[in-house]
Amino acid sequence: MDFKTLDDMDLGGKVVLTRVDINVPVENGKVTDTTRIDRIVPTVRDILDEGGKPVLLAHFGRPKGEAREDMSLAQVVPALEAALGCTVTFAENCIGGPAKIAVSKMQTGDVVLLENTRFHAGEEKNDALFAASLAALGEVYCNDAFSAAHRAHASTEGLARLLPSCAGRLMQAELTALEAALGDPARPLVAVVGGAKVSSKLDLLGNLVEKVDTLVIGGGMANTFLAAKGVGVGKSLAEHDMTGTASEILQKAEATGCTILLPEDVVVAREFREGAEAETVAADACPPDAMILDAGPQTVARIAEVLEGARTLIWNGPLGAFEIAPFDAATVAAARKAAELTEAGSLTSVAGGGDTVAALNRAGVADRFSYVSTAGGAFLEWMEGKDLPGVAALTA
49 MDFKTLDDMD
59 LGGKVVLTRV
69 DINVPVENGK
79 VTDTTRIDRI
89 VPTVRDILDE
99 GGKPVLLAHF
109 GRPKGEARED
119 MSLAQVVPAL
129 EAALGCTVTF
139 AENCIGGPAK
149 IAVSKMQTGD
159 VVLLENTRFH
169 AGEEKNDALF
179 AASLAALGEV
189 YCNDAFSAAH
199 RAHASTEGLA
209 RLLPSCAGRL
219 MQAELTALEA
229 ALGDPARPLV
239 AVVGGAKVSS
249 KLDLLGNLVE
259 KVDTLVIGGG
269 MANTFLAAKG
279 VGVGKSLAEH
289 DMTGTASEIL
299 QKAEATGCTI
309 LLPEDVVVAR
319 EFREGAEAET
329 VAADACPPDA
339 MILDAGPQTV
349 ARIAEVLEGA
359 RTLIWNGPLG
369 AFEIAPFDAA
379 TVAAARKAAE
389 LTEAGSLTSV
399 AGGGDTVAAL
409 NRAGVADRFS
419 YVSTAGGAFL
429 EWMEGKDLPG
439 VAALTA
């Protein structure tokens, strides 16, 4: 993948328009989770160290082109200053007078945050005039927001075509990890895909069976595949109207030489609650009045065996109803096995999307994978084999 990084750019004395994702949770005017802010620090610090003047562009919420106080980025300034260890000047608009004044007053070492780009309808429309107004503020464009790269917006795609452009450190890390996982991976390549619905991951599954050597399917979607094979799943969450599609994916996998691993044994219960009475049965022996809520130990052992023989792993989604014990057992055990192999140097592990980060955090291994992406939609669309406009603009 051919894209420039900060190392390829002359930043000295230049205003660097830096697209970041600091769309963080806020309660009562205070940031409650600084993960996304923490992840942009290396990019901002490197720009400062090279004598550049970082001007941060970001969205917050879905204001749909309307300026709204409850979606102002002013709320994140204290958390941003704490993470960066310096004062951050806030401009009350991302274009026009307030933005121009804030940028014109910058000295080396200063950081400016511009107001929510989505307060302007031209942002999501990728309006050429709006993009030009943003571009007029700077000399270099740096995109560090992989999580927004699947949107062709003015600040993610339009700007990259108007200024010398590069990827920030977070974007660089994402793209490097993704290239290692699906671009030119070491094989065998294994994908673990879980979650509730086949219907929400059709493109994903269709793409993966053409690229991976083994596809492990878990969560509620595994029930749909079991039903497609004529297995009774009792009262389990399953999309019975999708069994035909599941059968087609199974046939496609057979044609491409991809092995699909479905649960061999399952953990079932009559109710879904913490500490519910549960039992392990063969995958084809779910009682009619019970629900499949997790993969069983025999299945976990099989997954561990597959991981031991793998060189690359892509993980998206839990293997069971991981939010509630004891139905987190399979996800936790498999994730810890992947982490162990990663630390031993035998496996490159890349994870992201949806509930994946929460599931890996529950297992205590999010920091033991090779790379864990906090991007949701962008990570999924990349796994689906789709071009991401924000990335394509950097490689054009």
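Numbered per my numbering, the sequence shown spans residues 49 to 444. Backbone N, C-alpha and C fix where the C-beta goes; we use that ideal spot for every residue, glycine too.
Please classify residue i as buried or exposed, where buried requires at least 16 neighbouring CB atoms within 10 angstroms.
i           : result
residue 288 : exposed
residue 71  : buried
residue 235 : exposed
residue 177 : exposed
residue 166 : buried
residue 220 : buried
residue 392 : exposed
residue 199 : buried
residue 171 : buried
residue 204 : buried
residue 284 : buried
residue 73  : exposed
residue 429 : buried
residue 81  : exposed
residue 110 : exposed
residue 441 : buried
residue 50  : exposed
residue 85  : buried
residue 58  : exposed
residue 403 : buried
residue 135 : exposed
residue 76  : exposed
residue 435 : exposed
residue 451 : Nothing about residue 451 can be reported from this structure: the residues present for the chain run from 49 to 444 only.
residue 268 : buried
residue 272 : buried
Using a Cβ-Cβ cutoff of less than 6 Å, which residues in the same chain neighbour residue i once the five nearest sequence positions on both sides are dropped?
i           : result
residue 52  : 214
residue 266 : 242, 343, 367
residue 338 : 282, 316, 318
residue 194 : 219, 222, 423, 426
residue 108 : 71, 119, 121, 164
The alpha helix (DSSP H) spanning residue i covers which residue range?
i           : result
residue 242 : Taken as a continuous stretch (DSSP letters only), residue 242 belongs to no alpha helix (DSSP H), as it is neither H nor E.
residue 112 : Premise fails: residue 112 is in no alpha helix (DSSP H) and is neither H nor E.
residue 273 : 267 to 276
residue 383 : 377 to 391
residue 351 : 345 to 356
residue 181 : 176 to 183
residue 121 : Counting along the chain, residue 121 falls outside any alpha helix (DSSP H), and DSSP gives it neither H nor E.
residue 204 : Run containing residue 204: none; DSSP gives neither H nor E here.
residue 101 : Not the alpha helix (DSSP H): residue 101 falls in the beta strand (DSSP E), residues 101 to 105.
With a CB to CB cut of under 7 Å and the five nearest residues on each side skipped, what residues in its chain are close to residue i?
i           : result
residue 270 : 310, 311
residue 56  : 214
residue 427 : 400, 401, 421
residue 433 : 255
residue 413 : 383, 384, 387
residue 379 : 366, 367, 368, 370, 407, 411
residue 416 : 387, 390, 391
For residue i, report the span of its beta strand (DSSP E) as first-last.
i           : result
residue 251 : Where residue 251 is concerned, there is no enclosing beta strand (DSSP E), although the alpha helix (DSSP H) it sits in stretches over 250 to 256.
residue 400 : 396 to 400
residue 135 : Taken as a continuous stretch (DSSP letters only), residue 135 belongs to no beta strand (DSSP E), as it is neither H nor E.
residue 213 : 213 to 215
residue 89  : Where residue 89 is concerned, there is no enclosing beta strand (DSSP E), although the alpha helix (DSSP H) it sits in stretches over 83 to 97.
residue 307 : 307 to 309
residue 362 : 360 to 364
residue 327 : 326 to 330
residue 53  : Note, residue 53: premise wrong, no beta strand (DSSP E); not H, not E.
residue 191 : 188 to 191
residue 321 : Run containing residue 321: none; DSSP gives neither H nor E here.
Round the Cβ separation of residue i and residue j to the nearest angstrom and send it over; I've been treating them as touching at under 8 Å.
i           : j           : result
residue 420 : residue 399 : 5 Å
residue 207 : residue 183 : 6 Å
residue 105 : residue 65  : 6 Å
residue 96  : residue 151 : Not a contact, Cβ separation roughly 15 Å.
residue 439 : residue 223 : 7 Å
residue 210 : residue 179 : 6 Å
residue 291 : residue 275 : 5 Å
residue 375 : residue 365 : The pair is not a contact, with the Cβ atoms about 14 Å apart (cut-off 8 Å).
residue 69  : residue 147 : So it is not a contact: roughly 19 Å between Cβ atoms.
residue 175 : residue 202 : 6 Å
residue 447 : residue 216 : Outside the shown range of the chain, which is 49 to 444, sits residue 447, and nothing can be said about it.
Ignore the nearest five residues each way along the sequence and tell me which others in residue i's own chain have a CB closer than 8 Å to its CB.
i           : result
residue 257 : 263, 297, 300, 301, 304, 306, 308
residue 144 : 181
residue 396 : 228, 229, 233, 234, 359, 360, 361, 390, 418
residue 89  : 131, 132
residue 373 : 322, 323
Three or more C-beta pairs closer than 8 Å, one from the stretch 384 to 398 and one from the stretch 312 to 325: is that the case here? no
Would you check if the stretch 228 to 240 and the stretch 253 to 268 touch, i.e. whether three or more CB-CB distances between them fall below 8 Å? yes
Inspect the CB distances between the stretch 352 to 361 and the stretch 324 to 343 and report whether three or more fall short of 8 Å. no
Taking 8 Å as the cut-off, does the stretch 83 to 101 touch the stretch 149 to 157 (at least 3 CB pairs, one atom from each stretch)? yes
The stretch 241 to 256 touching the stretch 120 to 127, judged by at least three CB pairs closer than 8 Å: no
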